[in-house]
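Trainee: Residue numbers (our numbering), protein chains in the order written: chain A, 39 to 153; chain B, 92 to 200. Using N, Cα and C, we set each Cβ at its ideal position, and we do this for glycine too.
#1: With a threshold of 8 Å, are at least 3 pairs of Cβ atoms found where one atom belongs to the region 121 to 134 of chain A and the other to the region 164 to 182 of chain B?
#2: Pull up the distance between the alpha-carbon of residue 112/A and that of residue 47/A, whole angstroms please.
#3: Is the distance from the Cβ of residue 53/A to the Cβ of residue 150/A below 8 Å?
#4: State whether the region 107 to 115 of chain B contacts the region 60 to 77 of chain A, with contact taken as three or more CB pairs (one from each stretch) at a distance under 8 Å.
#5: Quick one: residues in its chain with C-beta nearer than 7 Å to the C-beta of residue 125/A, no 5 flanking neighbours on either side, listed in chain order?
#6: Within this structure, are the beta carbons of residue 137/B and residue 125/B separated by less than 8 Å?
#7: Just mark residue 145/A as buried or exposed, buried being the case when its beta carbon has 16 or more other beta carbons within 10 Å.
#8: From residue 98/B to residue 114/A, what distance separates their C-alpha atoms?
#9: Determine which residues share a DSSP beta bridge with residue 81/A and list them.
#10: Closer than 7 Å, Cβ to any Cβ of chain A: which residues of the region 155 to 182 of chain B, in chain order?
#11: Can you tell me the Cβ-Cβ gap for residue 121/A and residue 57/A, rounded? I've got them flagged as a contact below 8 Å.
#12: Is the CB-CB distance between residue 100/B and residue 80/A below 8 Å?
#13: At least one CB of chain A closer than 8 Å to the CB of residue 135/B: is that the case?
#14: With H, G and I counted as helix, E and B as strand and the rest as coil, what does DSSP make of residue 124/A?
#15: Could you tell me the alpha carbon to alpha carbon distance between residue 182/B and residue 188/B, rounded to whole angstroms?
#16: Who pairs with residue 166/B in a beta bridge, going by DSSP?
#17: May I have the straight-line CA-CA distance separating residue 171/B from residue 195/B, to the nearest angstrom?
#18: Smallest Cα separation from residue 157/B: which of 133/B, 141/B, 93/B and 151/B?
#19: In terms of DSSP beta bridges, what is residue 137/B paired with?
#20: What first and last residue would you give for the beta strand (DSSP E) that runs through residue 67/A?
#21: Taking only beta carbons into account, state which residues of the region 108 to 141 of chain B come closer than 9 Å to chain A, listed in chain order.
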């Protein structure tokens, strides 16, 4: 049973380019969460999605960031026109139901470096 | 005030020591609580859930104090392998999970 799969593991982008981060939840999990971790800081909630629905995006920056979780395929976190401050580790987590009921399992993260 | 606050540490302790971390949360409506462990440059992994009655798992004991709005983690007989960052996690409003910034622990021989 594969765990939460994130790819790529490492992504380098020049300022102004787009970054697309993918997350395939564990089999049977329909809830996906994205978190950002800046160097030497804790995890910050970005967005919570279920299939085809954004449930809570209160942690997403208002501009340049978007997320989706289509009916088929992985969840995508998209960052347009990246800036140096976007450099961070982006973790995806999934759970079979709302996370209050059970633990969330994390992927290994995508480390984005903006040069 | 942050929603979840932890002492960032680092805590430097010798092997065999007992160490305790506290975490305070601001929302009294918070519903569930967890401790996660994160090793350097790795993903967080669940260490243990925290129940109102307190719970123990081997050398680890977690406690919740709703009146004072804090949770604690006690590690007895520290091992070198316990060196990591410990994240306090609070769920509120059903699904918005809030992570603390983490407490770093270094256990030395």
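Mentor: So, to answer that:
#1: Contact between the region 121 to 134 of chain A and the region 164 to 182 of chain B is absent, because fewer than three Cβ pairs lie under 8 Å.
#2: Here residue 112/A refers to the residue found at position 74 when the first chain is read from its first residue. Here residue 47/A refers to the residue found at position 9 when the first chain is read from its first residue. Approximately 15 Å, taken between the alpha carbons.
#3: Walking along the first chain from the start, residue 53/A turns up at place 15. Walking along the first chain from the start, residue 150/A turns up at place 112. Not in contact: residue 53/A and residue 150/A (Cβ atoms no closer than 8 Å).
#4: no
#5: Counted from its first residue, the first chain places residue 125/A at position 87. Excluding positions up to five away in sequence, the list reads 150, 151 and 152.
#6: On the second chain, residue 137/B is found 46 positions in, with the first residue counted as 1. On the second chain, residue 125/B is found 34 positions in, with the first residue counted as 1. At a Cβ-Cβ threshold of 8 Å, residue 137/B and residue 125/B count as neighbours.
#7: If you number the first chain from 1, residue 145/A lands on position 107. Looking at its Cβ environment, which holds 16 or more other Cβ atoms inside 10 Å, residue 145/A is buried.
#8: Indexing the second chain from 1 puts residue 98/B at position 7. Indexing the first chain from 1 puts residue 114/A at position 76. Each residue's CA atom was taken as its position, placing residue 98/B and residue 114/A some 33 Å apart.
#9: Residue numbering aside, residue 81/A sits at position 43 when the first chain is read from its first letter. For residue 81/A, which the question treats as bridged, DSSP gives the partners 75/A.
#10: 178 and 182
#11: Sequence index remark: in the first chain, residue 121/A carries index 83 (1-based). Sequence index remark: in the first chain, residue 57/A carries index 19 (1-based). Not quite, the Cβ-Cβ distance comes to about 11 Å (not below 8 Å), so this is no contact.
#12: Residue numbering aside, residue 100/B sits at position 9 when the second chain is read from its first letter. Residue numbering aside, residue 80/A sits at position 42 when the first chain is read from its first letter. Against a cut-off of 8 Å, the Cβ pair of residue 80/A and residue 100/B comes out as no contact.
#13: In the second chain, counting from the first residue as 1, residue 135/B sits at position 44. For residue 135/B, the answer is yes, since a Cβ of chain A falls inside 8 Å of its Cβ.
#14: Mapped onto the first chain, residue 124/A falls at position 86. In the structure shown, residue 124/A sits in a helix (DSSP, three-state: H, G or I).
#15: As a position in the second chain, residue 182/B is number 91, starting the count at 1. As a position in the second chain, residue 188/B is number 97, starting the count at 1. If I take the Cα positions, the gap works out to 4 Å.
#16: Within the second chain, the letter at position 75 stands for residue 166/B. The partner list for residue 166/B (beta bridge, DSSP) reads 110/B and 151/B.
#17: As a working mapping, residue 171/B is identified with position 80 in the second chain. As a working mapping, residue 195/B is identified with position 104 in the second chain. About 13 Å.
#18: By 1-based counting over the second chain, the position of residue 157/B is 66. Among 133/B, 141/B, 93/B and 151/B, the Cα nearest to that of residue 157/B belongs to 141/B.
#19: Your numbering for residue 137/B matches position 46 in the second chain. The secondary-structure analysis by DSSP pairs residue 137/B across a beta bridge with 127/B.
#20: In the first chain, residue 67/A corresponds to position 29, counting from 1. In the DSSP annotation of this structure, residue 67/A is not part of any beta strand (DSSP E), being labelled neither H nor E.
#21: For the region 108 to 141 of chain B, the set of positions with a beta-carbon nearer than 9 Å to some beta-carbon of chain A reads 122, 123, 125, 127, 129, 132, 133, 134, 135, 136, 137 and 140 in chain order.
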